[in-house]
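Student: There's a structure below that I have some questions on.
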């Protein structure tokens with residue numbers, strides 16, 4: 180099997196998903212185990228469709244990747260060596276068989292080969308996506324355990340939290356679901372009063388404190404560390420300044436409304452064995468470093484591994500959690516809905532004790548998908564709409580039963596519970612997905628024309644860096660229009676769109692390296708434009724989650740972190756535009772100071788006008804502002820009577836430090852950028868940059884060395900040197916780092 184990531188090998192590996200596979204091993208069963216009254220096999224994340232045999236005898240079958248399966252295996256075990264095997268039938272062929280049986284199409288967007296993926300319960304993106312590898316991986320993807328006991332086994336442990344008005348007291352009620360050795364299920368409860376509870380807060384709003392409790396049932400003991408907090412999703416109706424009705428979407432934690440800042444999450448690798456704790460931690464720590472407080476678990480992927488949720492709790496990352504449905508029309512026959520009931524019965528109880536989970540969302544874009552496909556339009560639409568409503572009803576009932584303290588948000592995007600309006604371009608209520616700039620090729624400033632209440636998806640692509648591109652194509656194919664390179668663009672027309680945008684905003688780059696660099700620059704500008712503009716609309720807008728945080732293979736995509744963990748320009752820019760205290764420029768010669776802290780802030784806003792070849796500001800004006808806690812302060816920029824090309828530097832000076840931003844009045848190609856001479860000095864892992872003329876998107880890169888800089892993709896001004904600190908991820912000497920280091924900036928792409 181050739182490396183599916185390289186070149187067009189993806190085509191050569193599709194046979195893998197079209198075959199049946201047998202996985203087996205031997206294990207020992209001791210006399211101590213065999214004498215137990217009950218012995219069961221418990222499977223987590225075992226892919227559909229598997230027949231399990233022990234010592235040649237069938238013990239059970241799986242049909243749904245997202246369910247937990249428990250099989251009685253006591254009759255099949257013997258003392259000494261035993262053999263267990265799983266025969267996994269081709270999921271693609273099983274999906275095709277179901278399609279033949281149902282007699283109707285159930286199309287799913289973005290899948291290239293496995294067209295009937297919506298009919299089976301496994302990650303949709305195993306069939307590919309408009310950023311992803313199509314690889315129908317299968318096998319024992321989660322924990323596989325034999326449990327032997329005389330008294331009982333613990334199935335689930337979870338709790339509810341009830342706070343008083345000022346959060347000085349919490350009643351924690353713990354529920355323990357058990358099954359005894361005779362197969363009888365029951366639930367044990369215990370109420371724990373907690374005075375002055377240690378509160379858990381999202382990243383940036385406070386500490387992540389935890390409370391520990393221990394459950395002892397029979398011979399089993401489980402200790403849980405949980406965050407005590409109250410999370411509310413607000414969806415109250417309101418009206419805008421013109422009296423137009425709408426409905427807000429905001430997240431309130433421990434009585435305080437917080438602006439949600441973050442990105443969408445997809446599976447961190449196309450291959451299960453590469454979804455390691457180290458990879459999870461690297462990506463989630465990068466999210467925290469970029470001042471994010473929310474991650475959206477996208478519905479075309481998977482319910483993640485336990486370590487993912489533990490880390491989100493630990494790091495203060497709230498989760499918007501889709502249920503695993505995306506971009507498709509799904510069946511609603513009793514077999515399918517019965518399977519969905521069982522998977523939600525398991526997954527919601529499994530995950531509900533995590534402080535990080537803010538809400539359950541029914542699916543991704545399935546309301547809009549009703550109108551995407553020729554097969555579902557016209558007279559067929561009412562039929563498929565009923566199926567959608569039936570599935571949502573099952574999901575809503577499951578969340579209400581198994582996690583009543585959390586909101587069920589029917590779909591993303593939508594207006595809110597009970598409202599199934601197609602909310603793609605409706606910025607008056609609920610959450611929206613804004614793809615006008617990317618899919619419709621609108622200019623970046625089109626983002627300013629929208630006033631979302633909460634934007635849970637929006638994005639702009641970039642090419643991968645040369646370093647990543649070299650992992651999937653030969654040197655001769657390092658060209659965005661070469662076939663192997665284009666194969667790593669899964670969104671039709673994506674490469675052309677990026678190149679057209681370069682011609683719109685920049686003087687066309689010279690050479691492949693410049694083109695790859697510039698694609699990441701323009702991606703960062705797009706997202707910066709959207710986020711800064713929408714943060715300035717607070718409290719109307721209360722959340723921005725861009726698409727997407729990560730990749731599952733090396734590819735051109737919307738991610739801010741490349742496959743392997745390397746930060747793009749966008750991620751460094753996100754670290755700044757998600758900062759709790761920010762000053763930004765806005766159209767109409769406006770300035771905004773954005774304060775996401777819990778305290779009023781006294782600030783100086785220093786507005787400087789610079790020439791593109793200037794050695795110092797042409798003018799400087801200082802404004803005194805007091806910005807209220809959790810607010811956006813928007814005001815007019817000071818009048819400037821300077822003539823000629825210029826750009827604006829904005830400096831926000833507070834007791835906490837200084838934040839610097841800039842604002843251009845036109846596209847970069849409209850200006851004659853100076854040939855800045857950027858000097859670089861290195862001391863260990865510290866890099867000092869200084870320049871004789873303004874330099875934009877100054878980019879320090881340590882090729883082949885894993886790690887991040889303290890800042891990057893920055894505007895460097897004369898007389899204001901900047902020192903960056905590189906933090907390596909792995910063993911590397913200072914000499915190796917220095918040898919790998921290069922620095923470039925926008926003017927050098929011409």
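Residue numbers (the working numbering): 180 to 929. Note that the Cβ used here is the ideal one computed from N, Cα and C, for glycine as well. Just so we're clear, the structure is a prediction, and the values are computed from it rather than from any experiment.
1. Buried or exposed for residue 228, going by 16 or more other Cβ atoms inside 10 Å?
2. What's the call for residue 840, buried or exposed, on a 16-neighbour Cβ count within 10 Å?
3. Who are the near neighbours of residue 582 in its chain, counting only those whose CB is closer than 6 Å to its CB and skipping five residues on each side?
4. Measuring CA to CA, which of 497, 201 and 217 is closest to residue 235?
5. Tell me whether residue 452 is buried or exposed, calling it buried when 16 or more other Cβ atoms sit within 10 Å of its Cβ.
6. Which residue's Cα is closest to the Cα of residue 427: 876, 594 and 659?
7. Have a look at residue 877 and residue 420 and give me their C-alpha separation to the nearest angstrom.
8. Would DSSP call residue 248 helix, strand or coil?
9. Give the straight-line distance between the Cα atoms of residue 388 and residue 409, rounded to the nearest whole angstrom.
10. Judging by CA-CA distance, which residue of 603, 194 and 628 is the nearest neighbour of residue 710?
11. Distance check for residue 654 and residue 806, CA to CA, integer angstroms please.
12. Between the alpha carbons of residue 534 and residue 221, how many angstroms are there, rounded?
13. Taking just the CA atoms, how far does residue 780 sit from residue 833?
14. At which residues does the beta strand (DSSP E) containing residue 263 begin and terminate?
15. Determine the DSSP secondary structure at residue 551, reduced to helix, strand or coil.
16. Quick one: using the 10 Å Cβ neighbour count with 16 as the cut-off for buried, is residue 732 buried or exposed?
17. Give a yes or no on whether the C-beta atoms belonging to residue 638 and residue 666 are separated by under 8 Å.
18. Please report the residue range of the beta strand (DSSP E) in which residue 888 lies.
19. For a test of the three-state rule: what should DSSP assign to residue 505, helix, strand or coil?
20. Would the region 309 to 328 and the region 285 to 301 be scored as touching if the rule is three or more Cβ pairs under 8 Å?
21. How many Å lie between residue 682 and residue 800 at the Cα?
22. Closer than 8 Å is the cut-off here; do at least three beta carbon pairs connect the region 473 to 483 with the region 430 to 446?
23. Okay, do the region 642 to 649 and the region 741 to 750 touch, 3+ Cβ pairs below 8 Å being the bar?
24. Going by the beta-carbon positions, is the gap between residue 541 and residue 588 smaller than 8 Å?
25. Over the uninterrupted alpha helix (DSSP H) stretch that includes residue 960, give me the two end residues.
26. Beta-carbon within less than 7 Å of residue 396's beta-carbon, same chain only, minus the 5 sequence neighbours each way: which residues are those?
27. May I ask you to verify whether the region 862 to 869 touches the region 817 to 833, counting CB pairs closer than 8 Å and requiring at least 3?
28. What is the DSSP secondary structure of residue 626, reduced to helix, strand or coil?
29. With distances taken from CA atoms, which of 864, 271 and 459 is nearest residue 494?
30. For the alpha helix (DSSP H) containing residue 776, name the first residue and the last one.
31. From the DSSP output, in three-state form, read off residue 771 for me.
32. Determine the closest residue to residue 917 out of 860, 899, 512 and 873, with distance taken between C-alpha atoms.
33. Could you give the residue range of the beta strand (DSSP E) that holds residue 443?
34. Please specify which runs of the alpha helix (DSSP H), each continuous and at least 4 residues long, are wholly inside the region 631 to 691, giving them in chain order.
35. Assign residue 299 to one of three DSSP states: helix, strand, or coil.
36. How is residue 196 classed by DSSP in three states: helix, strand or coil?
Tutor: So, from the listed chains and residues:
1. When all chains shown are included, residue 228 counts as buried.
2. buried
3. 527 and 531
4. 201
5. exposed
6. With distances taken between Cα atoms, residue 427 lies closest to 594.
7. A straight line joining the alpha-carbon of residue 877 with that of residue 420 spans about 41 Å.
8. Annotated three-state conformation of residue 248 is strand, per DSSP.
9. 13 Å
10. 628
11. 53 Å
12. Straight through space, the alpha carbons of residue 221 and residue 534 are spaced by roughly 26 Å.
13. 7 Å
14. 259 to 267
15. coil
16. buried
17. no
18. 886 to 888
19. In the structure shown, residue 505 sits in a strand (DSSP, three-state: E or B).
20. In short, these stretches touch, since the Cβ pair count reaches three.
21. Answer to the nearest angstrom: the Cα atoms are 35 Å apart.
22. yes
23. yes
24. Going by C-beta atoms, residue 541 is nearer than 8 Å to residue 588.
25. There is simply no residue 960 to check, as the chain begins at 180 and stops at 929 in what is shown.
26. 331, 333, 355, 357 and 367
27. no
28. helix
29. 459
30. Taken as a continuous stretch (DSSP letters only), residue 776 belongs to no alpha helix (DSSP H), as it is neither H nor E.
31. strand
32. 860
33. 439 to 444
34. Within the region 631 to 691, the complete alpha helix (DSSP H) runs of at least 4 residues fall at 645 to 648, 662 to 666 and 673 to 684.
35. coil
36. helix
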